[in-house]
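Structure record follows, encoded as structure tokens.
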Amino acid sequence: MGCHYHDAVPAAGACSGCLRPLCATCLSEGPLCGGCRLERRLAPPPLGGHAAAIAGSPEGRALAAAGFIPFLWPAALLVLLTSHGRDRYVRRQSLQALGFNLGMGLLWAALHLLAVVPLLGWSLLGMLPFVLPVWLIAGLVFAVKTWNGDEVRVPVVADYVDRLGSAR
Numbered sequence: 240m241g242c243h244y245h246d247a248v249p250a251a252g253a254c255s256g257c258l259r260p261l262c263a264t265c266l267s268e269g270p271l272c273g274g275c276r277l278e279r280r281l282a283p284p285p286l287g288g289h290a291a292a293i294a295g296s297p298e299g300r301a302l303a304a305a306g307f308i309p310f311l312w313p314a315a316l317l318v319l320l321t322s323h324g325r326d327r328y329v330r331r332q333s334l335q336a337l338g339f340n341l342g343m344g345l346l347w348a349a350l351h352l353l354a355v356v357p358l359l360g361w362s363l364l365g366m367l368p369f370v371l372p373v374w375l376i377a378g379l380v381f382a383v384k385t386w387n388g389d390e391v392r393v394p395v396v397a398d399y400v401d402r403l404g405s406a407r
């Protein structure tokens, strides 16, 4: 008797799930045939299992995520002033959103101010067109991650927010 999946190849064993004959190549992938592996992958999860909880309420996550987008930073401030700010995850992400936008805004302003200095400013003037796209793209990435409930750590701001949170 030959392998169920390969013609003219002798069977070296059987699938432990459905007992179909399998060749040595098929058995090297595991004790189950391809059909049984696919069936187990497509099977619904067992009842009674707990789904991974997403931190924060959907409204709070949405406002905190909107706060990462450069010109929607007041949404993060709104989170801190409403009842959504009581949730630890949403509060932390809102503080990071405010810190991120404040830091990028200060970088933008500093580059503009230094651009008027004759020799130094001319070299910094080349960096200025890249700040706004980086700000926007990074803000969108952080917003999507926050909306999905992932842990976002803005490089410099997250450490400051952690220290601020531990001081309370």
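Going by the numbering used here, the sequence shown opens with residue 240, and the numbers climb by one from there. Every residue, glycine too, gets a C-beta built ideally from N, C-alpha and C.
Any idea what DSSP makes of residue i, helix, strand or coil?
i, result
"L403", "helix"
"G295", "coil"
"A303", "helix"
"G388", "coil"
"V395", "coil"
"I308", "coil"
Quick check on the DSSP output: the alpha helix (DSSP H) that includes residue i runs from which residue to which?
i, result
"A315", "313-320"
"Y328", "327-353"
"E278", "273-281"
"G360", "357-364"
Rounded to the nearest angstrom, how far is the Cβ of residue i from that of residue j, given a contact under 8 Å?
i, j, result
"G306", "V329", "Not really, about 10 Å apart at Cβ, beyond 8 Å."
"C257", "Y244", "That belief does not hold up - the Cβ atoms of C257 and Y244 are roughly 12 Å apart, past 8 Å."
"L334", "L379", "Not a contact, Cβ separation roughly 19 Å."
"F339", "V400", "Going by Cβ atoms, the distance from F339 to V400 rounds to 10 Å, so no, they are not a contact pair."
"V370", "F381", "With 8 Å as the limit, V370 and F381 do not qualify as a contact, their Cβ atoms being about 16 Å apart."
"P260", "M240", "5 Å"
"T385", "A303", "5 Å"
"C254", "C242", "Wrong, their Cβ atoms sit about 10 Å apart, outside the cutoff."
"W374", "P283", "W374 to P283, Cβ: 43 Å. No contact."
Checking the sheet assignment: what are the DSSP bridge partners for residue i?
i, result
"L266", "According to DSSP, which records beta bridges pairwise, L266 is partnered with nothing at all."
"P260", "A253"
"G241", "P249"
Are any of the Cβ atoms in chain D nearer than 8 Å to that of residue i?
i, result
"V318", "The structure shown contains no chain D; it holds only a single protein chain."
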